[in-house]
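Residue numbers (the numbering used here), protein chains in the order written: chain W, 67 to 256; chain U, 67 to 256. Worksheet: one structure, shown below.
2 protein chains.
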Amino acid sequence: MSASQKPAPATNGVALEQLFATVDAVKATPSIARFTFRIRNQWDTGSRNCSTVSTFTGANQQLSHPKPFTLEADEPGILLGQDLAANPVEHLLHALASCLTTSMVYHAAARGIAIEQIESAFEGDLDLHGFLDLDREVRKGYQRIRVRFKIRADVPDEKLQEIVQLGTGHSPVFDSLVNGVPVSVAVERL
Amino acid sequence: MSASQKPAPATNGVALEQLFATVDAVKATPSIARFTFRIRNQWDTGSRNCSTVSTFTGANQQLSHPKPFTLEADEPGILLGQDLAANPVEHLLHALASCLTTSMVYHAAARGIAIEQIESAFEGDLDLHGFLDLDREVRKGYQRIRVRFKIRADVPDEKLQEIVQLGTGHSPVFDSLVNGVPVSVAVERL
């Protein structure tokens, strides 16, 4: 294998040269750090709707995924749906799980911490008294979310905690969900 | 068709009898309103990981989806992934879109408001100076999210705004994301 064919050095599957090059590029040209992600959603009927994920803006460019991704949603029968897809609050847990995991994997890689395996379990508690307007004291959203990570890595016990904190300390979804995000909503006639 | 074979009355695809029966059941037995949703996530490599959505707790029962749903995550190439799936912050937008849509559809149905069509577009702004630890003043999460709904319904203009407010006023994901949720995180060795 010639030098040009060698795979780039990677820790945890993260191309470190590209990661550090990104940091240098942002330092040189701060505007490339601004990203806008977007989806379009279409209602089908009842609790069934579907989002298309196609383009995003970043590094001062309009960018596209190689093909649009389709994300579906439904509700289980007990919540009046047909149970053809995960429901919105389950999708929210997936967003949180995937973001915490990727954030800890990337930041561990940047520090040279090799991780062999990560599994996690996420649970969120909801009380329908909120959604159904039966008790104004009960919030509509999750009351709390519990996360349990299991990590296999050749590190001392105290380092496991540090790895997880690399996730909670950097994850965009964790920050968004724990600290809240301003959301503006407009409507027009179709 | 005999009376027993008649489809239940539905508005917006929502079975109204079942919706009102749910409200009555919760009033009679408040504990059935408590739900716990859950997912399990498994890291593959780099930015690739996958959640399984299988069981949930509600109405004082352990419940299961008819088959487990699999939700994937990756990052685009510019964020060091292989772009095989939507990324975590795009999944977050889908969770928000699907929940706002379902919430407005259900609550409009309960009020007898028929909706013909709903389309929506969601955008969120992120600045990587946060994630990359390059500026402590820049948050890791979304700085703001913009939502645009387009609704077709035989209602006056001011009613369109009211329909959207049925979404923002009841959606569990909207409430979770705008107002924040406490998240506890534990870790153990795998």
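The beta carbon of each residue, even a glycine, is placed where N, CA and C say it ideally should be.
Exercise for the section: Note down, in chain order, every chain U residue with its Cβ under 7 angstroms from the Cβ of Ala163/W. Expected result: If you number the first sequence from 1, residue 163/W lands on position 97. For a Cβ distance threshold of 7 angstroms, residue set Ile105, Asn107 and Ser117 of chain U lies close to Ala163/W, ordered along the chain.
Exercise for the section: Would you kindly work out how many angstroms separate the C-alpha atoms of Phe188/U and Val119/W, rounded to a whole number? Expected result: Taking the first residue of the second sequence as position 1, residue 188/U is located at position 122. Taking the first residue of the first sequence as position 1, residue 119/W is located at position 53. Taking the straight line from one Cα to the other gives about 10 angstroms.
Problem - Neighbouring residues, chain U, relative to Leu232/W (Cβ below 9 angstroms) - result: Along the first sequence, read from residue 1 onward, the residue named residue 232/W stands at position 166. In chain order: nothing, as chain U lies at least about 10 angstroms away.
Problem - For Gly143/W, three-class secondary structure by DSSP - result: Here residue 143/W refers to the residue found at position 77 when the first sequence is read from its first residue. Correct three-state label for Gly143/W: helix.
Handout entry: Supposed contact pair Leu232/W and Ser169/W - C-beta distance, whole angstroms, cut 8 angstroms
Key = Here the question's residue 169/W lines up with position 103 in the first sequence. Here the question's residue 232/W lines up with position 166 in the first sequence. Contact holds; Cβ gap of about 7 angstroms.
Problem - Minimum length 3: unbroken beta strand (DSSP E) runs contained in the segment 105-161 of chain W - result: Counting only runs of 3 or more, we get 114-124 and 127-139.
Exercise for the section: Let me know the secondary structure DSSP gives Val171/W once reduced to three states. Expected result: For the purposes of this step, residue 171/W is identified with residue 105 of the first sequence, where counting begins at 1. When DSSP states are grouped into helix, strand and coil, Val171/W belongs to the helix group.
Handout entry: Any beta strand (DSSP E) of 3 or more consecutive residues that is wholly inside the segment 180-207 of chain W
Key = If we require 3 residues or more, the beta strand (DSSP E) runs fully inside the segment 180-207 of chain W come out as 183-193.
Handout entry: Beta-carbon neighbours of Ala267/W, restricted to chain U and to distances below 9 angstroms
Key = Outside the modelled stretch of chain W, which goes from 67 to 256, sits residue 267/W, for which no answer is possible.
Problem - C-alpha distance - Asn176/U paired with Leu85/U, whole-angstrom precision - result: Here residue 176/U refers to the residue found at position 110 when the second sequence is read from its first residue. Here residue 85/U refers to the residue found at position 19 when the second sequence is read from its first residue. Reading off the sequence shown, one finds Ala at residue 176/U, where the question assumed Asn. Approximately 8 angstroms between the Cα atoms of the pair.
Handout entry: Proximity test, Cβ basis, 7 angstroms: Thr102/W and chain U
Key = Here residue 102/W is taken as the residue at index 36 of the first sequence, counted from 1. Thr102/W counts as touching chain U.
Practice task
Under 7 angstroms between beta-carbons, which chain U residues line up against Asp149/W? List them in chain order, please.
Solution key: Here residue 149/W refers to the residue found at position 83 of the first sequence. Counting only Cβ-Cβ distances below 7 angstroms, Asp149/W has contacts in chain U at His131 and Pro132, in chain order.
Exercise for the section: To the nearest angstrom, report how far apart His236/W and Ala91/U are at their CA atoms. Expected result: Here residue 236/W is taken as the residue at index 170 of the first sequence, counted from 1. Here residue 91/U is taken as the residue at index 25 of the second sequence, counted from 1. When rounded, the distance between both Cα atoms is 43 angstroms.
Exercise for the section: Please look up how many angstroms separate the CB atoms of Leu158/W and Ala161/U, rounded, as I've assumed it's under 8 angstroms. Expected result: Translated into the one-based positions of the first sequence, residue 158/W becomes position 92. Translated into the one-based positions of the second sequence, residue 161/U becomes position 95. Distance from Leu158/W to Ala161/U at the Cβ level is roughly 4 angstroms; contact confirmed, criterion being Cβ atoms closer than 8 angstroms.
Problem - Segment limits, beta strand (DSSP E) that includes Ile98/U - result: Here residue 98/U corresponds to residue number 32 of the second sequence, with the count starting at 1. Taken as a continuous stretch (DSSP letters only), Ile98/U belongs to no beta strand (DSSP E), as it is neither H nor E.
Practice task
Check whether the Cβ atoms of Lys206/W and Phe215/W sit closer than 7 angstroms, and answer yes or no.
Solution key: Along the first sequence, read from residue 1 onward, the residue named residue 206/W stands at position 140. Along the first sequence, read from residue 1 onward, the residue named residue 215/W stands at position 149. It is not a contact, given that the beta carbons lie outside the stated cut-off.
Problem - Thr136/U versus Thr136/W - alpha carbon distance - result: Indexing the second sequence from 1 puts residue 136/U at position 70. Indexing the first sequence from 1 puts residue 136/W at position 70. C-alpha separation (whole angstroms): 13 angstroms.
Problem - Any non-hydrogen atom of the ligand FMN closer than 6 angstroms to Ser242/W Cβ - result: By its list of ligands, the structure shown contains no ligand whatsoever, and the ligand FMN lies outside what it can speak to.
Problem - chain W within 7 angstroms of Ala174/U, Cβ atoms only - result: Mapped onto the second sequence, residue 174/U falls at position 108. Judged by the 7 angstroms Cβ criterion, Ala174/U is not in contact with chain W.
Practice task
Please report the residue range of the alpha helix (DSSP H) in which Val230/U lies.
Solution key: On the second sequence, residue 230/U is found 164 positions in, with the first residue counted as 1. Counting along the chain, the alpha helix (DSSP H) containing Val230/U begins and ends at Asp223 to Thr234.
Practice task
Label Arg114/W either buried or exposed according to how many other C-beta atoms from any shown protein chain fall within 10 Å of its C-beta, with 16 as the threshold for buried.
Solution key: What you label residue 114/W is simply residue 48 of the first sequence in a count that begins at 1. Arg114/W comes out buried.
Exercise for the section: Using alpha carbons as the reference points, say which of Val213/W, Asp220/W and Val251/W lies closest to Val247/U. Expected result: Here residue 247/U refers to the residue found at position 181 when the second sequence is read from its first residue. The shortest Cα separation from Val247/U among Val213/W, Asp220/W and Val251/W belongs to Val213/W.
Handout entry: Helix, strand or coil at Val92/U [DSSP, three-state]
Key = Numbered from 1 along the second sequence, position 26 holds the residue referred to as residue 92/U. Reduced to three states, the DSSP call for Val92/U is helix.
Exercise for the section: Using a Cβ cut-off of 7 angstroms (strictly closer), state whether Ser68/U contacts chain W. Expected result: Counted from its first residue, the second sequence places residue 68/U at position 2. Because Ser68/U carries a pLDDT of 46, less than 50, the predicted location of this residue cannot be relied on, and the following value inherits that uncertainty. Taking a beta-carbon distance threshold of 7 angstroms, Ser68/U does not count as an interface residue toward chain W.
Practice task
Indicate whether Ser190/U and Phe103/W have their beta-carbon atoms separated by less than 7 angstroms.
Solution key: Here residue 190/U corresponds to residue number 124 of the second sequence, with the count starting at 1. Here residue 103/W corresponds to residue number 37 of the first sequence, with the count starting at 1. Residue identity differs from the one stated: residue 190/U is Gly in this sequence, not Ser. By the CB criterion at 7 angstroms, Gly190/U and Phe103/W fall inside the cutoff.
Problem - Partner residues on chain U for Ile184/W, Cβ-Cβ distance less than 7 angstroms - result: Residue mapping note: residue 184/W aligns to position 118 of the first sequence, counting from 1. Correct list: Trp109.
Handout entry: Burial state of Asn38/W (16 or more Cβ within 10 Å)
Key = With chain W represented from 67 up to 256, any question about residue 38/W goes unanswered, as that position is not in the structure.
Problem - CB contact check: Leu82/U to chain W, cutoff 7 angstroms - result: Here the question's residue 82/U lines up with position 16 in the second sequence. Not one chain W Cβ lies under 7 angstroms of Leu82/U.
Practice task
Kindly indicate which residue of Asn245/W, Arg210/W, Ile229/W and Pro238/W has the alpha-carbon position closest to the one of Phe101/U.
Solution key: Counted from its first residue, the second sequence places residue 101/U at position 35. Of Asn245/W, Arg210/W, Ile229/W and Pro238/W, the residue nearest in Cα terms is Arg210/W.
Problem - Unbroken alpha helix (DSSP H) run spanning Ser242/U, endpoints - result: Counted from its first residue, the second sequence places residue 242/U at position 176. Element bounds for Ser242/U: Pro238 to Asn245.
Handout entry: Contacts of Gln227/U in chain A (Cβ-Cβ under 8 angstroms)
Key = Absent here is chain A; the protein component of the structure consists of chains W and U.
Practice task
Using a Cβ cut-off of 8 angstroms, pull out every chain W residue sitting near Thr95/U, in sequence order please.
Solution key: Indexing the second sequence from 1 puts residue 95/U at position 29. The contacting residues do not exist; Thr95/U stays about 12 angstroms from chain W at best.
Exercise for the section: Under 6 angstroms Cβ to Cβ from Ile105/W, same chain only, skipping five residues before and after it: list those, please. Expected result: As a position in the first sequence, residue 105/W is number 39, starting the count at 1. The residues are Ser117 and Val119.
Practice task
Check whether the Cβ of Gly190/W lies closer than 7 angstroms to any Cβ atom in chain U.
Solution key: Counted from its first residue, the first sequence places residue 190/W at position 124. Cβ-Cβ to chain U under 7 angstroms: yes for Gly190/W.
Handout entry: Close-in-space but distant-in-sequence residues of the same chain around Pro75/U (CB under 7 angstroms, 5 per side omitted)
Key = Position 9 of the second sequence, counted from the start, is the residue given in the question as residue 75/U. Excluding sequence neighbours, Pro75/U sits near Leu82 and Glu83.
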